[in-house]
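These notes are about the structure you will find just below.
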Amino acid sequence: MERLKGAEVSAKIKEQVQAMLEKAGGRTPKLAIVRVGERPDDLSYERGAIKKMEAFGLAAESRAFPADISNEAFQKAFAAVNEDPEIDGILLLRPLPGHLDEKAAENAIDPEKDLDGISPWNAAKVFAGDESGFAPCTAEAVVEVLKAYDIPISGRRVTIVGRSMVVGRPLSMLLVKENATVTICHTRTRDLPGTCRNAEILVAAAGRAKMLDQDYVAPGAVVIDVGINVDEEGKLCGDVDWESIQDTASMATPVPGGVGAVTTAVLARHLVQAALRQHG
Ligand code: NAP
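Counting along the sequence shown from 1, when you hit position 166 you're at 212 in this note's numbering, and nothing is skipped either side.
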């Protein structure tokens, strides 16, 4: 089984970003990462994203707020980030604490700065196959991996396990745009192993450690693992049981080292796109 390496895909995106930056007229696009509280997942994602922006020659800063900030104060602070002319793009780390109105933030975010496609405006564009919007970075990262490795998508049967607004649903639309035949699975899907085995490309985005083993994979299938989980030994792992699919799948993305690295590279590309659209 061939290992599909996120770092290689990220390096290709870096070249695109550098070519795009030459058109930015010397201005360095700047990302604001909006974080509420100190959740370890958020802190780790924030660190990774800032490191990646810097490695790509872009600027990034954290706009962090205490976990007990009132909804009114948070919405006001979020509006200030939205209106800040120094900020070209925004990444809102979610989920927000339960007392904050996440929907209000999704509706308020400037669609031109909405790098992770959380606004209804961008979701509608993804649904319509309109590339002028921003798709969620992880969903776009999956398509990037397939394209970077010249894996044909058109006409292929793709099964996605997971129907969230962050991964499964937008990804299904991006793949339909690429002329794939897409099946979306979730917790009510009957015969999940059989439905997955029908796929030529299987995308795992369920958030269940090592749930998909060889029984879910057709011989020769390509497996893209979006999951980020921690196993019983406290080690990072995906939704796919890597060892189990070795003799079944033809290619697969590892965790770590797969889709995650591509997600932040796509975020960087979105940042430059946003800056060019806003400032020419
Ligand atoms: P989520 O909102 O919890 O959605 C999980 C989806 O998987 C739901 O649609 C759920 O079905 C389905 N599901 C869960 N268990 C299942 C099972 N046993 N059988 C069939 N379907 C099942 O999660 P998410 O935000 O989409 O994230 C999914 C995974 O991707 C997580 O591990 C997350 O950490 C990871 N992730 C990675 C990146 C990256 O950059 N690599 C970015 C974002 C997320 P129902 O709808 O029926 O509940």
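From the three backbone atoms N, C-alpha and C, an ideal C-beta is built for every residue, glycine too. Being a predicted model, the structure only gives us computed values, none of them experimental.
- Message: Taking the straight line between their C-alpha atoms, what separation do you get for K98 and A314?
- Response: One-based indexing of the sequence shown puts residue 98 at position 52. One-based indexing of the sequence shown puts residue 314 at position 268. Distance between the alpha carbons of K98 and A314: 8 angstroms.
- The alpha helix (DSSP H) with A125 in it runs from where to where? To locate residue 125, count along the sequence shown from 1; it is residue 79. N117 to E129 is the span of the alpha helix (DSSP H), which, as asked, contains A125.
- Cut-off 7 angstroms between Cβ atoms - residues of its own chain near L146, not counting five sequence neighbours on either side: For this step, residue 146 is matched to residue 100 along the sequence shown. Contacts found: V82, N117 and F120.
- Task: Please go through the same chain and pick out, in chain order, the residues whose beta-carbon is closer than 8 angstroms to the beta-carbon of Q62, but skip the five residues on each side of it.
- Result: Within the sequence shown, residue 62 is the residue found at index 16, counting from 1. Here the set comprises R315.
- Secondary structure, alpha helix (DSSP H): runs of 4+ residues fully inside the region 135-197: 148-154, 166-174 and 183-194
- Query: In three-state DSSP terms, what is R315?
  - Reply: For the purposes of this step, residue 315 is taken as the residue at position 269 of the sequence shown. Of the three classes helix, strand and coil, the one that applies to R315 here is helix, per DSSP.
- Close Cβ partners of D176 (< 6 angstroms) along its chain, the five nearest in sequence each way excluded: Within the sequence shown, numbered from 1, the residue matching residue 176 stands at position 130. Within the same chain, D176 has no close Cβ partners at all.
- Task: Measure the beta-carbon distance from A187 to V312 and round it to whole angstroms, keeping in mind my assumption that it falls under 8 angstroms.
- Result: Counting from 1 along the sequence shown, the entry for residue 187 is found at position 141. Counting from 1 along the sequence shown, the entry for residue 312 is found at position 266. Confirmed, Cβ separation roughly 5 angstroms.
- Item | Counted within 10 angstroms of its Cβ, other Cβ atoms place G266 as buried (16 or more) or exposed | In the sequence shown, counting from the first residue as 1, residue 266 sits at position 220. Classification of G266: exposed, given that the 10 Å Cβ count is below 16.
- How many angstroms separate the CA atom of M211 from the CA atom of V191? The sequence position of residue 211 within the sequence shown is 165, counting from 1. The sequence position of residue 191 within the sequence shown is 145, counting from 1. C-alpha separation (whole angstroms): 20 angstroms.
- Query: If L282 sits next to I274, beta carbons under 8 angstroms apart, how far is it from one beta carbon to the other, in whole angstroms?
  - Reply: Along the sequence shown, one-based indexing puts residue 282 at 236. Along the sequence shown, one-based indexing puts residue 274 at 228. L282 to I274, Cβ: 7 angstroms. Contact.
- Query: By a C-beta neighbour count over all protein chains shown, 10 Å radius and 16 as the cutoff for buried, is D285 buried or exposed?
  - Reply: Locating residue 285 in the sequence shown gives position 239, where the first residue counts as 1. D285 is buried by the Cβ-count criterion.
- Message: Using the three-state DSSP reduction, which class does D271 fall into: helix, strand or coil?
- Response: The sequence position of residue 271 within the sequence shown is 225, counting from 1. Strand.
- What residues in its chain sit with their C-beta under 6 angstroms from that of L139, if we drop five residues either side in the sequence? In the sequence shown, residue 139 corresponds to position 93, counting from 1. These residues qualify, in order along the chain: R81 and D88.
- Task: Check each candidate in R85, A101, P182 and A65 and name the one with the smallest Cα separation from D114.
- Result: Looking up residue 114 in the sequence shown gives position 68. Of the candidates R85, A101, P182 and A65, the one whose C-alpha sits nearest the C-alpha of D114 is R85.
- Query: According to DSSP, is K76 helix, strand or coil?
  - Reply: The count along the sequence shown starts at 1 and reaches residue 76 at position 30. Strand at K76.
- Query: Given I230, which residues of its chain have a CB within under 7 angstroms of its CB, disregarding the five upstream and five downstream residues?
  - Reply: Looking up residue 230 in the sequence shown gives position 184. Contacts found: I206, R209, G214 and S218.
- Item | Cβ-Cβ distance between D156 and P182 below 8 angstroms | In the sequence shown, residue 156 corresponds to position 110, counting from 1. In the sequence shown, residue 182 corresponds to position 136, counting from 1. No.
- Query: Taking Cβ to Cβ, would you say R243 is nearer than 8 angstroms to A226?
  - Reply: Within the sequence shown, numbered from 1, the residue matching residue 243 stands at position 197. Within the sequence shown, numbered from 1, the residue matching residue 226 stands at position 180. No, the Cβ-Cβ distance between R243 and A226 is not below 8 angstroms.
- Task: For K149, count neighbouring C-beta atoms within 10 Å of its own C-beta (all shown protein chains included) and say buried if the count is 16 or more, exposed if not.
- Result: Within the sequence shown, numbered from 1, the residue matching residue 149 stands at position 103. It is exposed - the Cβ of K149 has fewer than 16 other Cβ atoms within 10 Å.
- Message: Taking 7 angstroms as the cut-off, is the C-beta of H232 nearer than that to any heavy atom in the ligand NAP?
- Response: As a first step, residue 232 must be located in the sequence shown, where it is residue number 186. Under cutoff, so the answer is yes.
- Would you call the CB atoms of L104 and L77 closer than 8 angstroms? Residue mapping note: residue 104 aligns to position 58 of the sequence shown, counting from 1. Residue mapping note: residue 77 aligns to position 31 of the sequence shown, counting from 1. Against a cut-off of 8 angstroms, the Cβ pair of L77 and L104 comes out as a contact.
- Query: Does any C-beta atom of chain C lie closer than 8 angstroms to the C-beta of N275?
  - Reply: Going by chain labels, chain C is absent from the structure shown, which holds only one protein chain.
- Message: Quick check on V276: buried or exposed, where buried means 16 or more other Cβ atoms within 10 Å of its Cβ?
- Response: Taking the first residue of the sequence shown as 1, we reach residue 276 at position 230. Burial call: exposed.
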